[in-house]
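Colleague: Just so you know, the sequence shown maps onto residues 13 to 76 in this note's numbering.
Each residue gets a CB set at the ideal place from its N, CA and C atoms; glycine is no exception.
In this text, all values refer to a predicted model and were calculated from it rather than measured experimentally.
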Amino acid sequence: MTGLYNDKPTWLVEAHRALDAAVAAAYVWPSDISDDEALERLFALNQERAGAVSAVVMQDEPVD
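1. Given this structure, state the Cα-to-Cα distance separating Arg62 from Phe55, to the nearest angstrom.
2. Mapping the DSSP letters down to three states, classify Tyr17 as helix, strand or coil.
3. By the DSSP assignment, the alpha helix (DSSP H) with Trp23 in it spans what residues?
4. Alpha carbon to alpha carbon, how far is Thr22 from His28?
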């Protein structure tokens, strides 16, 4: 894998561009979103969802 990513063949670069575009489209983000902005948004979504799961788990615990 290291050799592949060190060489960065054109097909791999294009595959990553296509994946980035698909992720941006799935989240309805601008197609030119920066990596930093995408990571920031994904982290925020993860935190929201983790909080929602935690709240559900707490509701399911038996009350003494």
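Modeller: Working from what's here:
1. Here residue 62 refers to the residue found at position 50 of the sequence shown. Here residue 55 refers to the residue found at position 43 of the sequence shown. Strictly speaking, residue 62 in this sequence is Ala, with Arg absent from that position. Taking the straight line joining both Cα atoms gives about 10 Å.
2. As a first step, residue 17 is located in the sequence shown; it is residue number 5 there, counting from the start. Reduced to three states, the DSSP call for Tyr17 is helix.
3. By one-based count along the sequence shown, residue 23 stands at place 11. First-last of the alpha helix (DSSP H) with Trp23: 22 to 38.
4. For the purposes of this step, residue 22 is identified with residue 10 of the sequence shown, where counting begins at 1. For the purposes of this step, residue 28 is identified with residue 16 of the sequence shown, where counting begins at 1. Those two C-alpha atoms are separated by around 10 Å.
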